[in-house]
Amino acid sequence: MDKRTGKSVLLFPDAGKKTNDHSFPKSYRLSKSADYAFVFARPAKSADGIFTVLVRPNEIGHARLGLAISKKNIKTAVARNRIKRLIRESFRQHLSFLRSVDIIVLAKRGADKKNNQTVRRSLQAHWKKLVG
RNA sequence: AGAGUCGGCCAGACAGUCGCUGUACGAUAGCAACGCUCUUGUACGGAGGAAAGUCCGGGCUCCACAGGGCAAGGCGCCAGGUAACGCCUGGGGGGCGUGAGCCUACGGAAAGUGCCACAGAAAACAAACCGCCCAGCCCCUGAUUUUCAGGAUCUGGGUAAGGGUGAAAAGGUGCGGUAAGAGCGCACCGCGCUGCCGGCAACGGCAGUGGCAGGGUAAACCCCGCCUGGAGCAAGACCAAAUAGGAGAGCAGUGGCGUAUUGCCAUGGCUGCGGCCCGCAGGGCUCUCGGGUAGGUCGCUUGAGCUGCACGGUGACGUGCCGCCCAGAUGAAUGGCUGUCCCAGACAGAACCCGGCUUAUCGGCCGACUCUUUUC
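Here the first sequence is numbered in my numbering, starting from 682 and rising by one per residue.
See below:
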């Protein structure tokens with residue numbers, strides 16, 4: 682695989698460098714059922730064969746991420762963990778690009794069959810479509 | 001060298017970089033009585049052998065509980081280990097394998113009940129299809145008749161050797177015996193009983209004795225012995241906003257009693273209808289209290305713990321001493337990217353904690369042992 686291809690996929694050339702913008706503390710996650718209900722009520726949607734992404738603007742001033750990876754769609758705990766980690770990582774790297782929105786990512790059946798690069802590209806497309 | 005058996009161990013590695021999470025020590029800010037929270041720095045920890053299935057056994061928590069019995073469920077050769085077990089260790093019986101070894105729900109069928117397809121005469125207080133043997137009536141054949149010999153049908157009786165059916169048909173093989181047969185008799189094997197010996201025991205060995213009891217099935221009911229109260233960390237304890245609801249207290253004023261302050265009694269308060277009063281309808285505001293929801297804190301990881309050594313034990317394991325702290329998340333951390341290397345990385349993710357069992361699993365390493373072949 683070409684080294685340049687891997688890096689050029691990122692939206693920001695400085696992604697991967699040490700910047701405060703790329704930390705991902707607990708306050709940047711949806712942690713209450715009320716937060717989830719807020720997004721599910723009036724979401725903007727974006728979907729492909731891997732994920733369904735729901736977005737709703739919030740008043741907090743930064744983006745927050747919530748995950749809904751069902752046991753029904755992805756069987757083993759190991760596969761669910763992998764998908765969640767990839768989503769969080771992509772969210773973290775695009776945090777300065779994402780504005781003040783609450784995001785919920787739902788994984789579809791078969792998402793665990795895709796490799797890491799495919800998953801990353803899918804997520805970038807979702808961020809662009811919903812926020813850009 | 002090949003094939004195999006048993007036991008133990010590992011679970012891609014390294015580097016750079018960006019993150020997540022816990023603890024410790026700091027820094028900044030906020031609330032400010034210890035302290036708590038936000039952000040942040042440094043250091044050190046951060047999934048498994050099965051974390052899985054949730055099939056057993058415990059700890060822990062709450063509820064229930066005088067004692068005993070019944071029911072229900074589980075377990076089932078013997079001894080030991082253990083907190084406990086359906087687990088483990090050692091031993092015995094049975095089965096498989098040339099062997100190292102492996103498998104084994106392995107108590108009771110002379111307490112009772114049920115079931116046993118098909119085949120077969122018969123599947124259970126035994127019975128007799130084809131047979132074999134004996135006797136009798138009548139008939140046939142042979143030698144002159146009686147008589148005798150042979151044969152056939154039928155009748156009565158004996159028999160369980162042989163045939164055939166079946167997973168299984170009142171032990172097996174052999175010799176004797178008999179009309180034919182039969183443990184009828186004998187020898188060996190099997191079985192039962194008795195005694196002695198070995199063993200804690202299961203059980204084994206030896207000797208004597210009985211001709212020999214009687215189908216299978218108890219992961220069918222059942223009998224015998226032993227065990228079991230129920231629910232689970234969403235257990236349980238604590239803090240506790242908003243809203244609704246509950247309990248209590250107070251709230252302008254007016255009149256009376258009282259020397260007076262205080263106090264006591266009555267009325268009454270707020271909203272709507274109404275100009276006002278009466279009246280009717282409804283309960284206002286403030287504070288306090290308790291229950292309790294969202295949410296939060298604890299439970300939450302120091303434990304039947306791990307390592308090493310010594311001792312006891314065949315072993316499971318136990319005892320003692322030195323040392324160690326080895327995940328604790330909670331919309332849920334342990335990862336992303338880049339590079340290098342190789343034998344190319346399987347199954348798979350902690351959720352209160354332990355002990356087991358079962359199931360999934362790429363490959364590799366170590367030790368002990370067995371069989372076969374070759375060489376010396």
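Even glycine gets a Cβ: it sits at the ideal position worked out from N, Cα and C.
In the assembly as shown, residue 772 is a buried residue. Its beta-carbon has 16 or more other beta-carbons within 10 Å. Looking at the backbone, the Cα of residue 803 and that of residue 731 are separated by about 7 Å. DSSP assignment within the stretch 737-813 yields the following whole beta strand (DSSP E) runs of 3 residues or more, N-terminal first: 745-749 and 782-788. The beta carbon of residue 800 sits closer than 6 Å to those of 767, all from its chain and outside the five residues before and after it, given in chain order. With fewer than 16 other beta carbons inside 10 angstroms of its own, residue 722 counts as exposed. Leaving aside the five residues that flank residue 719 on each side, none in its chain has a CB nearer than 6 Å to its CB. Of the residues 792, 782, 796 and 789, the one whose Cα lies closest to the Cα of residue 716 is 782. Collapsing the DSSP output to three states places residue 726 in a strand.
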